[in-house]
Amino acid sequence: MKKIIIKVLVSIVVIIFVFSAGLWAGFSFNTIRKYFLSTNNGINDTSAVLEEEPGFLEGISESILNRFSLKPFEEAFEYISGDSLMTFQKQELLQAAIEGMLTLLDDRHADYFTVDEYEKIIESYSGTMSGIGIIVTQDDEGRIVVVKPLPGTPAASAGIREGDHIIAVNGEDVSDMVLENVVTLIKGEEGTSVDVTFFRPVEDRTFEITIVRARFHVPNLFSEMVEDNIAYIQYIGFQDGGAEFLESEIEKLTREGAESIIFDLRNNLGGTLDDAVAVCDLFMDSGAIVTVRGRTDDEERVDEYFASNGKYIEIPLVVLINGFSASASELVAGALRDNDRALLVGEISFGKGTVQVIHELSDGSGLKFTTAKYFLPSGVSIEGVGVLPDIEVLLTPGDTEDLQLNRAIEEIKMMMDGQ
119 MKKIIIKVLV
129 SIVVIIFVFS
139 AGLWAGFSFN
149 TIRKYFLSTN
159 NGINDTSAVL
169 EEEPGFLEGI
179 SESILNRFSL
189 KPFEEAFEYI
199 SGDSLMTFQK
209 QELLQAAIEG
219 MLTLLDDRHA
229 DYFTVDEYEK
239 IIESYSGTMS
249 GIGIIVTQDD
259 EGRIVVVKPL
269 PGTPAASAGI
279 REGDHIIAVN
289 GEDVSDMVLE
299 NVVTLIKGEE
309 GTSVDVTFFR
319 PVEDRTFEIT
329 IVRARFHVPN
339 LFSEMVEDNI
349 AYIQYIGFQD
359 GGAEFLESEI
369 EKLTREGAES
379 IIFDLRNNLG
389 GTLDDAVAVC
399 DLFMDSGAIV
409 TVRGRTDDEE
419 RVDEYFASNG
429 KYIEIPLVVL
439 INGFSASASE
449 LVAGALRDND
459 RALLVGEISF
469 GKGTVQVIHE
479 LSDGSGLKFT
489 TAKYFLPSGV
499 SIEGVGVLPD
509 IEVLLTPGDT
519 EDLQLNRAIE
529 EIKMMMDGQ
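Taking the working numbering, the leading residue of the sequence shown gets 119, the next gets one more, and so forth.
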């Protein structure tokens, strides 16, 4: 079965964290997948495609064939596989051809995943994972940075900290690897171990830790009452069904006396578009949420999303953001602020304003590339810019208190007092 996973999240993947699939109709890869492997017909290798199938290009849509011929690709494939001095497996040539197409996109988020890599990536969306328990990102210089070790996980027990850099896995340097491939190296079966080498900038030291992987379920939020009538909700990531769980959590908190909400999107690396829209819809009953601009074939595609259901439109709301608030979390923070629904406190966000899609090809491998940009209700794209907080509060590694949360509590008290 073909899987399509739409992520507002870009170039950011978690090692144990879960984002469920969010489907966006209209973005598919039917044309390419038809001339690689056809598992439905029992074909299990590329040689069967080339040597047994009379029409290597059979099944390609008429719209593509009418624009140009793919026959030269078939001919080049056959010449190289048959006559080249250097020999390659046909699957290697197909992979190189796919990677060549992705390189032409000049898209730093585009990538090809082998069958094994793709299976492990898909597992990370399942809700239960075997891993070490860290959320990671890849910064502009290509470094793999720990955003957050999750409580109760092997990484937290091993003393891994926010801001640590991963520089090697099982002795293999990861400095030139894309994030998803680093994730693949670290993940593994429950009970097995992995050697991870870290660099800790605040201490200017490198260290290696052997961590035993564990299996656990990762919730998408944590909540507590920080004052008698102020609820604090940390939303970890946007996944299918997340907004429904958030709604039930708010209902529970209001029964406990909550009259306002501090919604923490710090270190939230994004997730699905559907859940981001649904979360906004909880706090808004009208107004634009986001506009997504992509294309279908040669025509521009524009999808606009509006609020309509707002169940909690009156409750005072402060949103916390920082430099690791990315993509879907930036969309939510920006939409709530543009609609005068929330006050933003913290630091400028990451600046991811594009949408990626991951497609499964018929041999079980996968593709990822950018399909669209999204725009806030104000018409602004935050790509490369980020969302500015209304009130900037910086945190440093030496801070002993959460100054951003403290300021959010101050602001929400004034909102409740009508100031």
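Backbone N, C-alpha and C define an ideal beta-carbon position, used for all residues, glycine too.
- A490 sits away from V408, with the two beta carbons spaced by 7 Å or more.
- Excluding its 5 nearest sequence neighbours in each direction, G428 has C-beta neighbours in its own chain below 7 Å: D399, L400, F401, M402 and D403, listed in chain order.
- In the three-state scheme derived from DSSP, where H, G and I count as helix and E and B as strand, M295 is classed as coil.
- For F493, the enclosing beta strand (DSSP E) covers residues G484 to F493.
- If you draw a 10 Å sphere on the C-beta of G502, you find fewer than 16 other C-beta atoms in it, and that means exposed.
- The region 279–292 and the region 304–320 touch, with no fewer than 3 CB-CB distances between them shorter than 8 Å.
- It is roughly 55 Å from the alpha-carbon of I466 to the alpha-carbon of G200.
- If only uninterrupted alpha helix (DSSP H) runs of at least 4 residues are considered, those enclosed by the region 288–348 are 297–304.
- Here S378 is buried, its C-beta having at least 16 other C-beta atoms within 10 Å.
- Going by DSSP, Y197 is part of the alpha helix (DSSP H) stretching over K189 to D201.
- In this structure Q357 is buried. Its beta-carbon is surrounded by 16 or more other beta-carbon atoms within 10 angstroms.
- In the DSSP assignment, E422 falls within the unbroken beta strand (DSSP E) covering E417 to F424.
- Secondary structure note for S480: it is in no alpha helix (DSSP H), with a DSSP letter that is neither H nor E.
- Residue pairing by DSSP places F231 opposite G484 in a beta bridge.
- Going by DSSP, P267 is part of the beta strand (DSSP E) stretching over I262 to P267.
- DSSP places L461 in the uninterrupted beta strand (DSSP E) bounded by L461 to G464.
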